[in-house]
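For reference, each letter of the sequence shown is one residue, going 2 to 294 in the numbering used here.
Using N, Cα and C, we set each Cβ at its ideal position, and we do this for glycine too.
All of these numbers come straight from a predicted model, not from anything done at the bench.
In what follows, a single structure is set out as structure tokens and then discussed.
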Amino acid sequence: MSSRPALEDRIAGAPISWGVCEVAGWGYQLAPERVLTEMRAVGLSATEFGPDGFLPDDPASKAAVLANHGLAAVGGFVPVVLHDDRHDPLADVDRVLDGFVAAGANVLVLAAATGLAGYDERPALDEVAWKRVFDNLDRLVEHAATRGVQACLHPHVGTVVESSDDVARILDGSAVPLCLDTGHLLIGGTDPAALAREATDRIVHTHLKDVDQTWATRVQRGEATYSAAVAAGMYRPLGKGDVDIAGIVRTLETHGYAGWYVLEQDTVLTGDPEGEGPVQDVRASVAYLRGIG
2 MSSRPALEDR IAGAPISWGV CEVAGWGYQL APERVLTEMR AVGLSATEFG PDGFLPDDPA
62 SKAAVLANHG LAAVGGFVPV VLHDDRHDPL ADVDRVLDGF VAAGANVLVL AAATGLAGYD
122 ERPALDEVAW KRVFDNLDRL VEHAATRGVQ ACLHPHVGTV VESSDDVARI LDGSAVPLCL
182 DTGHLLIGGT DPAALAREAT DRIVHTHLKD VDQTWATRVQ RGEATYSAAV AAGMYRPLGK
242 GDVDIAGIVR TLETHGYAGW YVLEQDTVLT GDPEGEGPVQ DVRASVAYLR GIG
């Protein structure tokens with residue numbers, strides 16, 4: 002008999018759903034007090050940390066802020082440069098892990114950062130650089146495990162690991178577990194439902210996004226930048242876009258997935274929102290996910 006928590010107890014939030022992002026100039030940034038209070042108001046019991054500066058840098062203070070809002074810490078998204086022989090990512094990751102450990106968070110979501118600003122362009126890597134990516138990923142997974150944290154890789158638009166070919170390289174060349182981000186995978190050209198079926202044993206963490214396929218196609222064709230598409234509403238509440246969210250969740254659950262489902266629908270705010278603001282879409286997504294049988 003499975004001892005994993007029920008699906009409804011594994012739904013978490015992420016500040017990016019409220020427009021809080023690490024990219025300079027992304028948009029209006031809501032205060033942590035509002036974001037964390039609204040997370041609890043829609044019934045979420047846990048969250049990813051969000052970008053640097055959203056929560057206090059001091060590990061104990063970071064943990065205290067979440068505890069004061071009744072939220073458990075899931076972990077967080079950490080972009081690191083993995084392909085450059087002039088940069089060792091281990092020290093950067095180790096500093097981040099101090100906050101994870103203090104808050105009781107156990108999932109480190111790595112992205113293979115380009116070293117460039119934002120997510121609108123990326124370099125091409127040669128075979129030597131790819132080997133460095135594989136080696137660094139395996140090394141970081143092993144190191145995080147010594148501190149009680151599960152590291153995984155997040156294929157992400159505008160990073161070194163974006164396309165379906167990139168994802169295939171990672172699966173073949175590295176043992177790193179995956180964060181299944183349904184939006185970034187789709188935009189990068191990978192069918193997230195197929196990956197959920199074919200690589201279930203590699204998936205330890207999930208970011209759920211629904212996507213307007215028309216905007217995703219424009220990004221794929223270079224007709225719109227990622228950030229412009231997000232600002233235009235490329236991400237939709239769960240069940241309102243073109244991703245088979247229900248099918249993906251059922252596939253994972255059938256195969257014994259016990260990880261988090263993080264509601265992470267990137268949005269861009271132009272100012273202090275009138276009315277409810279982003280929490281309206283988060284509430285709708287929570288209700289949809291809880292209704293998946």
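Collapsed DSSP secondary structure at residue i in the structure displayed
i	result
Q281	helix
C226	According to the sequence as given, residue 226 is Thr; it is not Cys. Residue state, collapsed to three classes: coil.
I249	helix
V244	coil
D192	coil
E275	coil
A13	strand
V129	helix
T48	strand
D211	strand
Y289	helix
V75	strand
L98	helix
R198	helix
R5	coil
R237	strand
P156	coil
A65	helix
H144	helix
L31	coil
R87	coil
L172	helix
L270	coil
Residue i versus residue j: straight-line alpha-carbon distance, rounded
i	j	result
S15	L141	The identity of residue 15 in the sequence shown is Ala, whereas the question assumes Ser. Their Cα atoms are separated by approximately 23 Å.
M2	H144	Residue placement at M2 is flagged as unreliable, the pLDDT there being 39, under the threshold of 50; the coordinate-derived value follows with that caveat. Answer to the nearest angstrom: the Cα atoms are 32 Å apart.
L186	S165	8 Å
V220	T226	6 Å
D310	L181	Given that the chain is displayed from residue 2 to residue 294, the structure contains no residue 310 and the question cannot be resolved.
R5	L253	13 Å
N1	A68	No statement about residue 1 is possible, as the shown extent of the chain runs from 2 to 294 and does not include it.
V94	A285	34 Å
L109	P178	11 Å
P60	C22	20 Å
I17	T268	7 Å
L8	R203	19 Å
D243	P193	11 Å
A232	L270	8 Å
L138	A152	9 Å
T160	D167	10 Å
H208	A125	26 Å
K132	T191	22 Å
T147	V24	30 Å
L212	G234	In the sequence under discussion, the amino acid at residue 212 is Val, which differs from the Leu named in the question. So the two alpha carbons sit approximately 9 Å from each other.
A197	Y262	13 Å
K210	D282	11 Å
R222	W216	10 Å
Beta-ladder partner(s) of residue i, from DSSP
i	result
I204	L179
E23	Answer is none; E23 lacks a bridge partner.
P80	A112
Q151	V108
D162	Checking the sequence shown, residue 162 turns out to be Val, not Asp. Note: V162 sits in no beta bridge, so no partner.
L56	D53
L264	L209
Beta-carbon separation (whole angstroms), residue i vs residue j, contact threshold 8 Å
i	j	result
I246	G240	6 Å
L56	V66	6 Å
G189	F135	About 19 Å separates the two Cβ atoms, so there is no contact after all.
R11	G257	The Cβ separation is near 13 Å, so there is no contact.
G26	E49	About 22 Å separates the two Cβ atoms, so there is no contact after all.
L83	A113	5 Å
L98	V150	6 Å
H70	L37	4 Å
V287	L264	7 Å
H155	E163	With a Cβ gap of about 11 Å, H155 and E163 do not count as contacting.
A74	A47	7 Å
Meets three-Cβ-pair contact criterion under 8 Å: the segment 272-281 and the segment 227-237
no
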